[in-house]
């Protein structure tokens, strides 16, 4: 573990801090955050991680705690400079030639760790605290000239311990990742504050600023004063990993289509309508037709559902919906070319009451009552409940999912509550993916701990004797296979294009993907959805599939 190399020198001391009246010394700040980081990395049990988090949040001031929470929940700082420039500067700062620094980096396996280990330690000003670093030092660095930027980065790093320097470099490169899940952090905060997980989860949804004020509010008693616009933490399904018969009596479950759209919640409170994505982004302006219709909802209503590109009574492809996503002010032309609907399937809140604890059957009946009103015929729809009486009938229906442009079936217990996170009470029964056998033609290194291994691959299919790129993937291989592919790339490189290597077309892999669409941006004229590697195939490249076989899937109507 990295932490074993970066242990803080000297005895560990505990300094209980009253966050409300902290006289916390700034030089303790980065030390405490570093200790937390490596405690999380080295912990083998969730309970150990929860204890480390509770101890940290109870001992540091709220302004430091807020920034720590920001990073632990996946927040990142914008990269200050290219990795290549940092490597070049680091070799000079360490007093070694670039080739030796590069070899050291390959041996260590991580750029930030290499810099932290090679830079000499030196006495200097007290290193900045966590809050000071991100609120004061980093903003100044963004406006610095190249010489000042270089000097400040390394002088700061040299005044830190190796562990602190490691995290400092991770932050300025935007590569910081903590060994803890979002749910574990929420659990620790709940235990610390004596609050239900639903309260903390709700308060963390949507944009929030890592400030002293926010952190105090996050842990404050629940007074029902949640922001009027905030959605609820989404209830997420688990994959169905066995036959549906293993779920028990069919009558205890409802089945719906698994739509290929964008999950969202529509919130109507205080006379205003808001639309939130599953990622916690406010997308009200992106879909004005939905926002306008949502203003007719009764006050105190929250509907969970799927935004779908929809025309002439049927769904359009997700690729077309993507053209609407991320457009805060869509043009009139875009609104006309790609209209959308909201397919509602659950109701976490009704008449201002949180009804998540009530059974799905009851929530669904209330949602049906709301959406059957004439004002919501367009663009709101109620997700259809499939009437198949047996699991056998439902299995037969699943075989025709592609005919109706859906990704499979959703199975939900009729007595299920609406709870944050993934739960076995909802299951997604996806259709089998498409697969093709394609040839590896390009490779490039990954990022962070993978930056010295070729793990991002481009695969091609043959057309008239030429291999045409059709998919990029970086998941699906074992560590041992990644090592073998990396060695192959290094030994069989044909050309270099920056970090990208073209390789001899000799390796064949089975690639799975969810859908296929035409594309004017790609040389192949096609784009595939969610490609990933299934297996390394023991066959010559001449026996791989062709571009024509991929186009045949499109002609069959596969999406």
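In this note's numbering, the protein residues as written are -15 to 543.
For glycine and all other residues, C-beta sits at the position ideal for the given N, C-alpha and C.
So, with DSSP's three-state summary, where would you put residue i?
i           : result
residue 40  : helix
residue 344 : helix
residue 186 : helix
residue 525 : helix
residue 249 : strand
residue 333 : strand
residue 32  : helix
residue 82  : helix
residue 298 : strand
residue 98  : helix
residue 314 : coil
residue 324 : strand
residue 339 : coil
residue 143 : coil
residue 259 : strand
residue 515 : coil
residue 21  : helix
residue 148 : helix
residue 192 : coil
residue 443 : strand
residue 117 : helix
residue 422 : strand
residue 225 : coil
Assign residue i to buried or exposed, taking buried as 16 or more other Cβ atoms, counted over all protein chains shown, within 10 Å of its Cβ.
i           : result
residue 63  : exposed
residue 400 : buried
residue 293 : buried
residue 201 : exposed
residue 318 : exposed
residue 280 : exposed
residue 548 : As displayed, the chain neither begins before -15 nor continues past 543, which places residue 548 out of reach and without an answer.
residue 185 : buried
residue 481 : exposed
residue 183 : buried
residue 13  : buried
residue 385 : buried
residue 89  : buried
residue 43  : buried
residue 94  : buried
residue 141 : buried
residue 315 : exposed
residue 341 : exposed
residue 536 : exposed
Determine the extent of the beta strand (DSSP E) in which residue i is found, giving its start and end residues.
i           : result
residue 452 : 450 to 457
residue 295 : 285 to 295
residue 237 : 237 to 241
residue 160 : Per DSSP, residue 160 belongs to no beta strand (DSSP E) and is neither H nor E.
Since I believe residue j is in contact with residue i (beta carbons under 8 angstroms), could you give me their beta-carbon distance rounded to a whole number of angstroms?
i           : j           : result
residue 440 : residue 428 : 5 angstroms
residue 286 : residue 335 : About 11 angstroms separates the two Cβ atoms, so there is no contact after all.
residue 323 : residue 345 : At roughly 32 angstroms, the Cβ-Cβ gap does not stay under 8 angstroms, so residue 323 and residue 345 are not in contact.
residue 328 : residue 365 : 7 angstroms
residue 487 : residue 424 : 6 angstroms
residue 96  : residue 154 : 5 angstroms
residue 469 : residue 497 : Not really, about 20 angstroms apart at Cβ, beyond 8 angstroms.
residue 517 : residue 430 : 14 angstroms between Cβ atoms; not a contact.
residue 515 : residue 495 : 5 angstroms
From the options, pick the residue whose C-alpha is nearest to that of residue i; which is it?
i           : options            : result
residue 36  : 46, 47, 19, 45     : 19
residue 252 : 268, 191, 391, 486 : 268
residue 290 : 264, 244, 284, 484 : 244
residue 158 : 55, 316, 86        : 55
residue 220 : 106, 410, 120, 270 : 410
residue 163 : 33, 42, 134        : 33
residue 263 : 228, 204, 405      : 405
residue 31  : 105, 175, 214      : 175
residue 271 : 160, 246, 516, 178 : 246
residue 70  : 117, 26, 135       : 135
residue 114 : 80, 106, 156       : 156
residue 215 : 403, 512, 426      : 403
residue 98  : 330, 435, 226      : 435
residue 206 : 194, 218, 195, 187 : 187
residue 422 : 274, 46, 520       : 520
residue 299 : 313, 326, 117, 273 : 326
residue 112 : 129, 479, 16, 181  : 16
residue 152 : 60, 132, 168, 38   : 60
residue 388 : 531, 103, 240      : 240
Please report the residue range of the alpha helix (DSSP H) in which residue i lies.
i           : result
residue 57  : Taken as a continuous stretch (DSSP letters only), residue 57 belongs to no alpha helix (DSSP H), as it is neither H nor E.
residue 168 : 166 to 177
residue 123 : 122 to 126
residue 273 : 272 to 278
Would you say the beta carbon of residue i is closer than 8 angstroms to some non-hydrogen atom of the ligand NAD?
i           : result
residue 277 : Ligands are entirely absent from the displayed structure, and the ligand NAD is therefore not among its contents.
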